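Quick note: to get the numbering used here, add 61 to the position in the sequence shown (first position is 1). We put the CB at the ideal spot given by N, CA and C, even for glycine. Source: prediction; values computed, not measured. Here's the structure we're looking at; comments come further down.
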Amino acid sequence: MAEKTKGQQLAEELMFTPKQAGMTLSQEEIDRAYDFCGDYMQFLNTAKTERLAAGRTVALLEAAGFVPFDRTHVYKAGDRVYLNNRGKAVIAAVIGRKPVAEGVRIVAAHIDAPRLDLKPNPLYEDSDLALLKTHYYGGIKKYQWAAIPLALHGVVIKRDGSQVEVSIGEEPGDPVFCVTDLLPHLAGEQMKRTLSAGIKGEELNILVGSMPFKDDQQSELVKLNILRILHEKYGMVEADFLSAELEAVPAYPVRDLGFDRSMIGGYAHDDRVCAYTALRAVLDVEAPLSTVITVLTDKEETGSDGNTGLNSAYLRYFIADLAEAEGVSARTVLSASKCLSADVNAAHDPTFPDVTDKRNAARLGYGVALMKYSGSRGKSGTSDASAEFTGEVCRLLDQAGVIWQQGELGKVDMGGGGTVALYVANLDVDVIDIGVPVLSMHAPFEVVSKLDVYMAYRAFRAFFEQK
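What follows is the structure, given as structure tokens:
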């Protein structure tokens with residue numbers, strides 16, 4: 062092998078060159094990543110909504126020996142506890158050997174995803190068809206949700222106070238639903254609309270039936286027949302829609318993507334890809350030095366408000382309970398704590414290169430993406446991690462052999478977005494964003510690299526196990 066020139070040696074010492082994971086990892090490590098992603102795909106297929114994700118999370122935690130958190134109990138090192146917040150958000154913790162007064166380590170991800178929610182009075186009949194009115198949740202391109210198969214998930218609280226779970230469209234033999242669209246032959250006026258208005262919010266109506274209720278001559282017989290089916294299956298009446306949370310999501314499973322099966326295509330990588338990797342990190346840690354906490358939160362896609370979102374107090378209360386058990390204040394614990402805000406990043410798309418700064422954009426297959434700040438335009442809506450904490454995390458990733466890269470949510474003035482980082486930072490916690498790069502983010506079919514997914518898990522575990 063030829064000896065390196067002085068310039069080559071200097072370049073290695075001084076220049077930062079992101080590493081392509083497929084060129085860097087051993088085949089053994091690549092095989093481990095693919096196996097890990099098989100488990101992730103199973104999780105994603107069973108966690109289509111925040112309620113389902115929380116339920117699946119609790120099941121995995123309990124199987125690993127985690128028990129419900131008791132605020133009156135004094136826990137010892139190695140104890141594994143979880144808090145289920147209203148069936149939509151979960152906190153999991155492993156108690157560390159150090160007192161919590163010296164700080165805890167938090168990885169926070171979200172388990173909600175863009176979708177179509179049913180309106181409170183959704184069911185109607187028009188032109189002998191039964192449809193459901195929706196209100197979209199989170200930032201979506203509305204035209205992407207037309208003419209694809211949809212499943213319906215959620216809960217209904219009936220007039221008598223009982224609860225029933227709804228899940229239609231996932232199992233073989235289940236019916237599916239859809240939002241209809243115009244045929245090109247008759248869409249001349251529609252195609253004059255801007256892309257954002259190609260399908261309008263009030264046109265996201267889900268087709269659910271066409272068969273009338275027989276042996277009757279009154280109006281709205283198709284609607285009546287749908288209500289008959291719902292009453293027979295779930296015991297619900299039309300008024301129960303008001304006290305229901307029903308969500309329409311894509312009805313297809315996630316799949317291997319590419320001839321080389323190097324990617325995963327499917328719904329809700331944002332942000333369940335970071336939620337699952339953060340969950341696995343806390344499941345796999347055994348005897349951490351510091352108490353480690355994984356937070357899987359709700360409502361991030363709509364601003365993190367509400368009592369299951371991270372802008373509420375439930376995380377602060379949980380840490381306050383840990384602090385009180387050791388005779389210290391919550392503020393003491395929080396001020397000494399550190400957090401990774403585990404959220405996805407926008408991957409550079411060579412088909413649409415103009416929206417990203419290629420020098421600062423994350424790329425598929427180059428590892429987990431570290432993002433010092435998010436927000437939009439003048440860094441609005443970001444916590445902007447300090448140089449000290451950014452440097453600490455970079456060193457940690459290097460020492461653990463984690464392949465990582467820098468990321469940014471698009472060019473300046475192009476747009477942007479936010480994460481839960483600022484809500485954790487507002488608790489006086491050091492925090493930085495880190496997550497998996499995604500193509501087609503917020504679409505019903507998003508794309509991630511398997512190696513990036515595995516590097517996210519490696520990063521979160523290294524953070525939890527740091528000495």
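Since residue i sits in a beta bridge, which residues does DSSP pair it with?
i      : result
SER510 : MET324
LYS399 : ARG166, ASP491
PHE238 : LEU211
TRP465 : VAL429
ARG147 : BP columns for ARG147 are empty, so no partner.
ASP187 : LEU190
ALA153 : TYR143, THR355
ILE229 : LEU213
ASN406 : PRO498
ILE267 : LEU193, VAL240
LEU179 : THR195
Mind reading off the beta-carbon distance from residue i to residue j? Whole number of angstroms is fine, and I expect it under 8 Å.
i      : j      : result
ALA312 : GLU231 : 7 Å
ILE10  : CYS239 : Here the chain has residues from 62 to 528 only, and residue 10 is not among them.
SER510 : MET324 : 6 Å
THR443 : GLY468 : Wrong, their Cβ atoms sit about 13 Å apart, outside the cutoff.
LYS203 : GLY296 : With 8 Å as the limit, LYS203 and GLY296 do not qualify as a contact, their Cβ atoms being about 33 Å apart.
VAL283 : ALA191 : 5 Å
TYR484 : ASN372 : 5 Å
VAL508 : TYR101 : At roughly 14 Å, the Cβ-Cβ gap does not stay under 8 Å, so VAL508 and TYR101 are not in contact.
PRO181 : LEU303 : 5 Å
For the beta strand (DSSP E) that contains residue i, what are its first and last residues?
i      : result
MET297 : Element bounds for MET297: n/a, residue is neither H nor E.
HIS214 : 211-218
ASP317 : 316-318
Compare the beta carbon distance of residue i and residue j with 8 Å and say whether it is the shorter of the two.
i      : j      : result
SER195 : ILE287 : It is worth fixing the name first, because residue 195 is Thr in this sequence and not Ser. Result no, Cβ atoms of THR195 and ILE287 do not sit closer than 8 Å.
GLY270 : ALA403 : no
HIS503 : PRO233 : no
GLU306 : GLY215 : yes
ILE167 : CYS335 : no
THR393 : ALA162 : yes
SER390 : VAL165 : no
ASP301 : ARG424 : no
VAL142 : VAL119 : no
ALA348 : PHE525 : no
LEU395 : VAL481 : no
ARG254 : PHE274 : no
VAL405 : ARG522 : no
GLY477 : SER435 : yes
ARG316 : LEU105 : no
LEU144 : PHE379 : yes
ALA408 : PRO498 : yes
LEU243 : GLN251 : yes
VAL454 : MET516 : no
Ends of the alpha helix (DSSP H) at residue i?
i      : result
THR338 : 330-345
GLY452 : 448-460
TYR484 : 482-486
GLN103 : 88-106
GLN527 : Note, GLN527: premise wrong, no alpha helix (DSSP H); not H, not E.
THR369 : Counting along the chain, THR369 falls outside any alpha helix (DSSP H), and DSSP gives it neither H nor E.
ALA504 : Here ALA504 belongs to no alpha helix (DSSP H), and DSSP marks it neither H nor E.
GLN70  : 67-75
ALA381 : 375-386
GLY83  : 82-85
LEU121 : 111-124
* Below 8 Å, can you find three or more Cβ-Cβ pairs linking the region 465-479 to the region 415-424? -> yes
* Are the region 155-169 and the region 322-331 touching by the rule of at least three beta carbon pairs closer than 8 Å? -> no
* Determine contact between the region 455-468 and the region 368-388, defined as no fewer than three beta-carbon pairs at a distance below 8 Å. => no
* Asked: Three or more C-beta pairs closer than 8 Å, one from the region 362-374 and one from the region 169-179: is that the case here?
  -> yes
* Asked: Using 8 Å as the Cβ pair cut-off and three pairs as the minimum, do the region 494-511 and the region 428-438 touch?
  -> yes
* Asked: Is it true that the region 297-310 meets the region 211-220, where meeting means three or more beta-carbon pairs spaced less than 8 Å apart?
  -> yes
* To do: Please determine if the region 335-352 and the region 237-254 are in contact, where contact requires at least 3 C-beta pairs separated by less than 8 Å.
  => no
* Does the region 345-360 come close enough to the region 111-126 that 3 or more CB-CB pairs lie under 8 Å? -> yes
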